Amino acid sequence: MIKRNLQKKLLKLLQSNAAVVLIGPRQVGKTTLSLEVTAELNAVYRDLENPRELEQVRDIELFMKQYPDRLVILDEVQRVPDIFAPLRGIIDQRRRAGFRFGQFLFLGSSSLELLSQASESLAGRVAYCELTGLNILEIQAAKNVSISSDDLWVKGGFPESLTAKDNSISQQWRRDLIRSYLERDIPQFGFRVPSETMRRFWTMLAHHQGGILNASSLAASLGISGQSVARYLDILVDLLLVRRLQPWFANVGKRLVKSPKIYIRDSGLLHSLLDIPSMDALLGHPVLGASWEGFVIENLIGASGGEYGEPCFYRTQAGAEIDLLMTRGGQPEIAIEIKRASNPKVGKGFHIACDDLGIKHRYVVYPGDEAYAMPNDIWAMPLQEMIITLQSRKNYSFSPKFG
Numbered sequence: 001m002i003k004r005n006l007q008k009k010l011l012k013l014l015q016s017n018a019a020v021v022l023i024g025p026r027q028v029g030k031t032t033l034s035l036e037v038t039a040e041l042n043a044v045y046r047d048l049e050n051p052r053e054l055e056q057v058r059d060i061e062l063f064m065k066q067y068p069d070r071l072v073i074l075d076e077v078q079r080v081p082d083i084f085a086p087l088r089g090i091i092d093q094r095r096r097a098g099f100r101f102g103q104f105l106f107l108g109s110s111s112l113e114l115l116s117q118a119s120e121s122l123a124g125r126v127a128y129c130e131l132t133g134l135n136i137l138e139i140q141a142a143k144n145v146s147i148s149s150d151d152l153w154v155k156g157g158f159p160e161s162l163t164a165k166d167n168s169i170s171q172q173w174r175r176d177l178i179r180s181y182l183e184r185d186i187p188q189f190g191f192r193v194p195s196e197t198m199r200r201f202w203t204m205l206a207h208h209q210g211g212i213l214n215a216s217s218l219a220a221s222l223g224i225s226g227q228s229v230a231r232y233l234d235i236l237v238d239l240l241l242v243r244r245l246q247p248w249f250a251n252v253g254k255r256l257v258k259s260p261k262i263y264i265r266d267s268g269l270l271h272s273l274l275d276i277p278s279m280d281a282l283l284g285h286p287v288l289g290a291s292w293e294g295f296v297i298e299n300l301i302g303a304s305g306g307e308y309g310e311p312c313f314y315r316t317q318a319g320a321e322i323d324l325l326m327t328r329g330g331q332p333e334i335a336i337e338i339k340r341a342s343n344p345k346v347g348k349g350f351h352i353a354c355d356d357l358g359i360k361h362r363y364v365v366y367p368g369d370e371a372y373a374m375p376n377d378i379w380a381m382p383l384q385e386m387i388i389t390l391q392s393r394k395n396y397s398f399s400p401k402f403g
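With UniProt numbering applied, the sequence shown covers 1 to 403.
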């Protein structure tokens, strides 16, 4: 089994909050992680997709009386939206009894609905964290598991896909997951969208991986309205399947791109949507560069541990651009250019963009094995070293220390 780095953060949040919401797409490993927590903390676990276990918690107040001093973990809790209303009183009552922290852990696969339900009912009593797909540091640290970074890129970060015996099994698993979302999960979440229309829309986004959102062009290509494009995109973002990377707005006296960039978040799902079964096929596909860019962005964001503000990009109408901008305290701090080449070159636009925003810490992530200094105070970094740099919350100039 591959140990998830989020486990330490999750345990820490439970030590300082009455309730924690853990979100992540289906099959990303939330249940496995929660069972690890169950064993470590002697928690009570219930899967609300199981009809018998769902019935047990229908009367949540009666259920909680059986476990007055234990952590209760409720999986797929968004399927019971009315469960949050009585929890505020239960949490406050247990607080008065001396059980202040680590009362509940809620797991869910739909971010917007679950977060809104929890925030309305449990304001001031709940913390949030997201479990993303497996990242490169997790597979490198795994014992008795031989998975390369290329495997992770091609198959994606869903554990079942990544650990499949061969590419064909992995590809079939991902196809089944896509079909499950289209035919089962999206309708169950209350979204009324024809499955074939959503498949075409999802595939169209894959073809435009990393592109600036052009809703009118998508609408014309699919024969649907602009409102439908916005609604379909909201659904995939809410289900944590698509990332809407927002642009950074700054008063720099230049015309800025103000539409978001769109990424299929899991590289394995991207490749399945485009029928790319292997590394050889990927290397010859037009999406190669955009796939690598999205893969790097998801690894960096997922592994940075929430230490930074909302990630974004920067682009002017004249072409100055930063692929990924990490902020802190509302200010841009780290500029990251993403290159697929083994000997990356940085264009003039990156320098101009960094100068526009006054960013000193400038990096290029490339698929090599060593970090090295480039001209103009830029560091070329392998993906894993860039993650370590972000996690350390340090920005190196010309004396980096890794590992």
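The beta carbon of each residue, even a glycine, is placed where N, CA and C say it ideally should be.
Bear in mind the structure is a predicted one, so any value in this text is a computation, not a measurement.
Item: Burial state of Q209 (16 or more Cβ within 10 Å); Value: buried
Item: Reduced DSSP secondary structure (H/G/I, E/B, other) of W248; Value: coil
Item: Cα-Cα separation between I387 and I338, rounded to whole angstroms; Value: 13 Å
Item: Stretch-stretch touch, CB-based, cutoff 8 Å, three pairs: the segment 49-56 with the segment 9-22; Value: no
Item: Alpha-carbon spacing of K345 relative to M381, whole angstroms; Value: 13 Å
Item: Boundaries of the beta strand (DSSP E) in which K261 is found, first to last residue; Value: 261-264
Item: Proximity of A230 and A215 at Cβ, strictly below 8 Å; Value: yes
Item: Cut-off 6 Å between Cβ atoms - residues of its own chain near residue 428, not counting five sequence neighbours on either side; Value: Outside the displayed range of the chain (1 to 403) lies residue 428, so it cannot be described from this structure.
Item: Rounded C-alpha distance that separates L274 from I147; Value: 23 Å
Item: Cβ-Cβ separation, S109 to L269 (assumed contact under 8 Å), whole Å; Value: L269 to S109, Cβ: 14 Å. No contact.
Item: F295 in three-state terms, based on DSSP; Value: helix
Item: Straight-line Cα distance separating F99 from Q93; Value: 9 Å
Item: Inside the segment 338-389 only - beta strand (DSSP E) runs reaching at least 3 residues; Value: 361-365, 372-374, 378-381
Item: Beta-bridge pairing of G108 - partner residues as DSSP gives them; Value: I23
Item: Sub-8 Å separation of S121 and R88 beta-carbons; Value: yes
Item: Contacts around I186, its chain only, beta-carbon distance under 7 Å, and the 5 residues preceding and following it disregarded; Value: V193, M198, I235
Item: Pick from W292, Y363, N343 that is closest to L325, judged by C-alpha positions; Value: Y363
Item: Cross-strand partners of G211 (DSSP beta bridge); Value: I262
Item: Three-way DSSP call (helix, strand, coil) for D69 in this model; Value: coil
Item: Per-residue DSSP class, three states only, for L6; Value: helix
Item: Beta-carbon gap between S304 and Q391 smaller than 8 Å; Value: yes
Item: Close Cβ partners of K155 (< 6 Å) along its chain, the five nearest in sequence each way excluded; Value: S161, L162, S170, G268
Item: Close beta carbons around S16, own chain, < 7 Å, minus the five adjacent residues each side; Value: F101
Item: Closer than 8 Å to chain D by CB, G305; Value: Absent from the structure is chain D; it holds one protein chain and no more.
Item: Close-in-space but distant-in-sequence residues of the same chain around F106 (CB under 6 Å, 5 per side omitted); Value: V21, L74, V77
Item: Three or more C-beta pairs below 8 Å linking the segment 292-312 and the segment 329-343; Value: yes
Item: Residues that Q331 bridges to, as DSSP identifies them; Value: R328
Item: Reduced DSSP category for L99 - H, G, I as helix; E, B as strand; rest coil; Value: The displayed chain sequence assigns Phe, not Leu, to residue 99. It is coil, neither helix nor strand.
Item: Limits of the alpha helix (DSSP H) - the one that D150 falls within; Value: 149-155
Item: Candidates H361, G289, H285: closest to S342 by CA position; Value: G289
Item: Element boundaries [beta strand (DSSP E), containing E160]; Value: Taken as a continuous stretch (DSSP letters only), E160 belongs to no beta strand (DSSP E), being part of the alpha helix (DSSP H) at 159-162.
Item: Contact under 8 Å by Cβ, F189 with V28; Value: no
Item: Those residues which DSSP pairs with residue 408 across a bridge; Value: With the chain covering only 1 through 403, there is no way to say anything about residue 408.
Item: Length of the line joining the Cα atoms of D150 and E138; Value: 14 Å
Item: Where the beta strand (DSSP E) containing E130 begins and where it ends; Value: 126-130
Item: Cβ neighbour criterion (16 or more within 10 Å) applied to R255; Value: exposed
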